[in-house]
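Only one structure is covered here, and it is reproduced in the block below.
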Amino acid sequence: MHLSRFPRLHFAHLPTPLEKLPRLSEALGGPEIWIKRDDCTGLSTGGNKTRKLEFLMAEAQAQGADMVITQGATQSNHARQTAAAAAMLGMACHILLEDRTGSTEVDYNRNGNVLLDFLHGATAEKRPSGLDMNQEMERVADRFRAAGRKPYTIPGGGSNPTGALGYANCALELLSQANDRDLVIDHLIHATGSAGTQAGLVAGLAALNAGIPVLGIGVRAPKPKQEENVFNLAVATAERLGCPGAVRREHVVADCDYVGPGYGMATPGCIEAITMFAELEGILLDPVYSGKGAAGMIDMIRKGRFRRGERIVFLHTGGSAALFGYTKIFDFGERMQALDAPARAREAA
Ligand SMILES: *Cc1c(COP(=O)(O)O)cnc(C)c1O
0 MHLSRFPRLH FAHLPTPLEK LPRLSEALGG PEIWIKRDDC TGLSTGGNKT
50 RKLEFLMAEA QAQGADMVIT QGATQSNHAR QTAAAAAMLG MACHILLEDR
100 TGSTEVDYNR NGNVLLDFLH GATAEKRPSG LDMNQEMERV ADRFRAAGRK
150 PYTIPGGGSN PTGALGYANC ALELLSQAND RDLVIDHLIH ATGSAGTQAG
200 LVAGLAALNA GIPVLGIGVR APKPKQEENV FNLAVATAER LGCPGAVRRE
250 HVVADCDYVG PGYGMATPGC IEAITMFAEL EGILLDPVYS GKGAAGMIDM
300 IRKGRFRRGE RIVFLHTGGS AALFGYTKIF DFGERMQALD APARAREAA
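The numbering of the sequence shown is numbering that gives the first Met the number 0, which starts it at 0 and goes up by one.
Shown next, in the form of structure tokens:
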């Protein structure tokens, strides 16, 4: 596994910190919880897409592209990070936003990641849910080609064997950090969606023969579909890495019991996880991915799935910019109402 053989641009802030979460660990009274801060990768508030974009944008440049096209949900972190990378490299960025939730909230549709997409100069168009979005994107790419542009298309979440190299790189980085501090990692847990993060980690860890089990917490697809997506991409990524056959089917484990009503719909467990990380550790999660990933981890700890003395690393994949698209899911009760006291006093006078 020799990653410098692949075209890559170096703009991620690496290595990301690997830190202990003492107050969260204590509150849950189970295993020792560590966090790998991939919310600190840089590119417009950071997140897991930065590592993938190092390889994807290098490929775009190598192909002589003058613009990138990508797609995602309305509050896509991937779209926002792609828009930022394109801005930094002087390329145009066009985004297809899929309406997966049907939300009519103004914040959901205009704030958070959408605000940042436009701030980075991207253009965007909307699609209803249920279409083959990667196919839609190829149609739009043809339109730009007909107009003389040279688009490079990036699949949803940047999840193809090129993007997944970014997470093979993360596997190498994490293993090296753990070795340097004599940390034996018993479990690596993170939110899994378009599959590139888990596929890259699984392929990288298998190539390194690390023996660290990865558990993806699903945010959209049911378990059989999610595991199939991750496995297929992990196999292709291992081939790219020069390690064909390294990934076995049993390396791929996803738990999809924490999706709730659907993609992008926050659950009570997700809101609790966001609140716990914020209040106990000063860390911001997000309502679509890392909040659900953390909710799954917290629930499993409470159910005794991980033993005391074991060490878990939670990979923080970012996404906090989406919080501003989901302001309505939080209820701060009396603390928020206290801010209205002067107005109420004025009314009463
Ligand atoms: C995209 C994303 C994920 C999921 O990663 P995949 O590679 O798509 O599986 C997790 N967390 C956040 C914050 C994301 O934006």
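Ideal Cβ placement from N, Cα and C applies to all residues, glycine included.
Item                                                                                                                      : Value
Sequence ranges, alpha helix (DSSP H) only - wholly within the stretch 208-240, length at least 4                         : 222-239
Reference A78; option with closest CA among N47, L130 and E346                                                            : N47
Limits of the beta strand (DSSP E) - the one that E97 falls within                                                        : A91 to D98
Short Cβ contact (8 Å threshold) for Q176 with P14                                                                        : yes
Buried or exposed (CB count within 10 angstroms, at least 16 for buried), K327                                            : exposed
Chain-order list of residues whose beta-carbon lies under 6 Å from that of M66 (same chain, five-residue window excluded) : M90, A91, R148 and P150
Near ligand 1: K48 beta-carbon under 7 Å from a heavy atom                                                                : yes
Residue interval of the beta strand (DSSP E) (run including A72)                                                          : M66 to A72
Per DSSP, the bridge partner or partners of V312                                                                          : W33 and L187
M275 versus A145: straight-line alpha-carbon distance, rounded                                                            : 51 Å
Own chain partners of L2 with C-beta closer than 6 Å, once the 5 adjacent residues on each side are dropped               : N168
T122: first and last residue of the uninterrupted beta strand (DSSP E) it sits in                                         : T122 to P127
Separation of G63 from A140, as counted between CA atoms                                                                  : 15 Å
CA nearest to the CA of I297, picked from I216, P341 and V105                                                             : I216
C-alpha distance - L27 paired with R301, whole-angstrom precision                                                         : 7 Å
Ligand 1 heavy atom lying under 7 Å from the CB of D254                                                                   : no
Nearest-angstrom Cα separation, counted from V251 out to N231                                                             : 10 Å
Ligand 1 heavy atom lying under 7 Å from the CB of D285                                                                   : yes
Local Cβ density within 10 Å of G101, reported as buried at 16 or more and exposed below that                             : exposed
Between the CA atoms of T40 and G317 - distance to the nearest angstrom                                                   : 9 Å
V252, enclosing beta strand (DSSP E) - first and last residue                                                             : V252 to D254
For L52, the nearest candidate out of A86, C255 and L204 (CA to CA)                                                       : A86
Distance cut-off 7 Å: Y288 Cβ against heavy atoms of ligand 1                                                             : yes
Ligand 1 heavy atom lying under 7 Å from the CB of A145                                                                   : no
T161 versus A337 - alpha carbon distance                                                                                  : 51 Å
Other residues of its chain near E226: CB distance less than 6 Å, five sequence neighbours each side excluded             : V251 and A253
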